[in-house]
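The numbering of the sequence shown is the numbering used here, which starts it at 31 and goes up by one. Backbone N, C-alpha and C define an ideal beta-carbon position, used for all residues, glycine too. A short write-up of the structure that comes next.
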Amino acid sequence: MRWWFGRGLRLAGAPRASQLRVARDEWRQAAENIAAGGGRLIALWASRDAADRDVVHAAFAADPGLLVLHLPLADSDAFYPGIELLFPAANRMQRALADLSGPRATDPDTRPWLRHAAWPAEFHPLKNAHAPPTRPGLDDYAFVRVEGDGVHEIPVGPVHAGVIEPGHFRFSIVGEKALKLEERLGYAHKGIERRFTQLPLHEGHALAARVSGDSAVAFSWAYCQALEGMAESAIPARAAWLRGLALETERIANHL
Numbered sequence: 031m032r033w034w035f036g037r038g039l040r041l042a043g044a045p046r047a048s049q050l051r052v053a054r055d056e057w058r059q060a061a062e063n064i065a066a067g068g069g070r071l072i073a074l075w076a077s078r079d080a081a082d083r084d085v086v087h088a089a090f091a092a093d094p095g096l097l098v099l100h101l102p103l104a105d106s107d108a109f110y111p112g113i114e115l116l117f118p119a120a121n122r123m124q125r126a127l128a129d130l131s132g133p134r135a136t137d138p139d140t141r142p143w144l145r146h147a148a149w150p151a152e153f154h155p156l157k158n159a160h161a162p163p164t165r166p167g168l169d170d171y172a173f174v175r176v177e178g179d180g181v182h183e184i185p186v187g188p189v190h191a192g193v194i195e196p197g198h199f200r201f202s203i204v205g206e207k208a209l210k211l212e213e214r215l216g217y218a219h220k221g222i223e224r225r226f227t228q229l230p231l232h233e234g235h236a237l238a239a240r241v242s243g244d245s246a247v248a249f250s251w252a253y254c255q256a257l258e259g260m261a262e263s264a265i266p267a268r269a270a271w272l273r274g275l276a277l278e279t280e281r282i283a284n285h286l
């Protein structure tokens, strides 16, 4: 695992962080090495590079630090090697990436995650500049069904009582035993990623603070840290103390 970190270039603004551009046949090999070393997948997303090609990115947290892999895709290649078997959390990340940006993983689960018929399947909000003129009709979601004698399906949601966000839960049960629970979330997707691309950099912190009401300081600080990292600029000590005080106040409000 440290071999991949050794090949990487320093990632500005983050301590012990490296970034590495890899070829298609190296993508899964790197993921296997990181998983074997106890590393964790923390983010998976895609973007367009200067040559207008799709690039898939993955961020891993491991013992040496943070490693970000970049996988450029050829124009004729809309698929990239899936890593769901190595990192189960990659399932939803890969499906969300396909909904928003287009590239699809080679893993078998290709069901939409964020696209609840709000836009056509061939439209990708973070890739296409213009919104589609019409809204598609509802499509059936392919829930994984459990077959057998005495198996009952109990659907719950997506509307729930109380303040929790909407979500559909499909229980497959036999008597009092739950054989399988399948979730479908994403009903509250607001298109925040696309909105970030439309704002000037110095205005993005206000949007970041509104991503989640109970983590306004944390999200806005993370956004500012990303900009400071790109600019390779350090903030004054007084600003760091003020941010720390605000973050501690937010933490106390959430946990006490």
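message: Does chain D have any CB closer than 8 angstroms to the CB of Asp55?
response: Chain labels in this structure do not include chain D; a single protein chain is all it has.
query: For Ser263, is the classification buried or exposed, using 16 other Cβ atoms within 10 angstroms of its Cβ as the cut-off for buried?
result: exposed
query: What are the start and end residues of each continuous alpha helix (DSSP H) run of 4 or more residues lying completely inside the region 204-261, in chain order?
result: 222-228, 234-238 and 246-261
Sequence-distant residues of the same chain with beta carbon closer than 7 angstroms to Leu130, five excluded per side: Same-chain partners within the cutoff: Leu144, His154, Pro155, Leu156 and Glu223.
message: Closer than 7 angstroms to a non-hydrogen atom of the ligand SAH - does that hold for the CB of Gly178?
response: Absence of the ligand SAH from the depicted structure is noted, as is the absence of any ligand whatsoever, leaving it without description.
- prompt: Would you call the region 46-57 and the region 70-81 in contact, with 3 or more CB pairs under 8 angstroms?
  reply: no
message: If contacts are defined as beta-carbon pairs under 8 angstroms, then Ala276 and Tyr253 qualify, I think. What distance do you get, rounded to the angstrom?
response: The C-beta distance from Ala276 to Tyr253 rounds to 14 angstroms, too long to fall under 8 angstroms, and the pair is not in contact.
- prompt: CA-CA distance, Pro166 and Gly216?
  reply: 17 angstroms
- request: Give, in chain order, every unbroken run of the beta strand (DSSP E) that is at least 3 residues long and sits entirely within the region 52-88.
  value: 70-78
message: Between Pro133 and Ala151, how many whole angstroms is the CB-CB distance? I'm expecting something under 8 angstroms.
response: In this structure Pro133 is not in contact with Ala151, their Cβ atoms being roughly 14 angstroms apart against a cut-off of 8 angstroms.
- prompt: So what does His100 bridge to, in DSSP terms?
  reply: Paired residue(s): Arg51 and His87.
- prompt: When you compare each of Pro94, Leu74, Trp149 and Ala236 to Phe249 by their alpha carbons, which one comes out closest?
  reply: Of Pro94, Leu74, Trp149 and Ala236, the smallest CA-CA separation from Phe249 is found for Ala236.
task: Determine the closest residue to Ala88 out of Asp105, Ala66, Gly68 and Met123, with distance taken between C-alpha atoms.
output: Distances from the CA of Ala88 to each of Asp105, Ala66, Gly68 and Met123 were compared; the closest alpha carbon is that of Met123.
field: 7 angstroms Cβ shell around Leu115 - same chain, five flanking residues per side excluded
entry: For Leu115, where only same-chain residues beyond five positions count, there are no Cβ hits under 7 angstroms.
task: Determine the direct distance from the alpha carbon of Pro163 to that of Val98, and round the result to whole angstroms.
output: 36 angstroms
Close beta carbons around His182, own chain, < 8 angstroms, minus the five adjacent residues each side: Ser202, Ile203 and Val204
task: May I have a chain-ordered list of the alpha helix (DSSP H) segments no shorter than 4 residues that lie completely inside the region 109-195?
output: Taken in chain order, the complete alpha helix (DSSP H) segments of 4 residues or longer contained in the region 109-195 are 120-131.
task: Round the Cβ separation of Leu103 and Asp84 to the nearest angstrom and send it over; I've been treating them as touching at under 8 angstroms.
output: So it is a contact: roughly 4 angstroms between Cβ atoms.
message: Does Arg46 come out as helix, strand or coil in the three-state DSSP assignment?
response: coil
query: In three-state DSSP terms, what is Ala264?
result: Annotated three-state conformation of Ala264 is coil, per DSSP.
CB-CB length for Ile113 against Ala73, believed under 8 angstroms: Not quite, the Cβ-Cβ distance comes to about 13 angstroms (not below 8 angstroms), so this is no contact.
query: Going straight from the alpha carbon of Phe90 to that of Asp55, what length do you get?
result: 18 angstroms
- prompt: Per DSSP, Ser202 forms a beta bridge with which residues?
  reply: Glu183 and Lys210
- request: Using three-state DSSP, classify Gly95 as helix, strand or coil.
  value: strand
- prompt: Alpha carbon to alpha carbon, how far is Ala161 from Asp179?
  reply: Near 47 angstroms, if we compare the C-alpha coordinates of Asp179 and Ala161.
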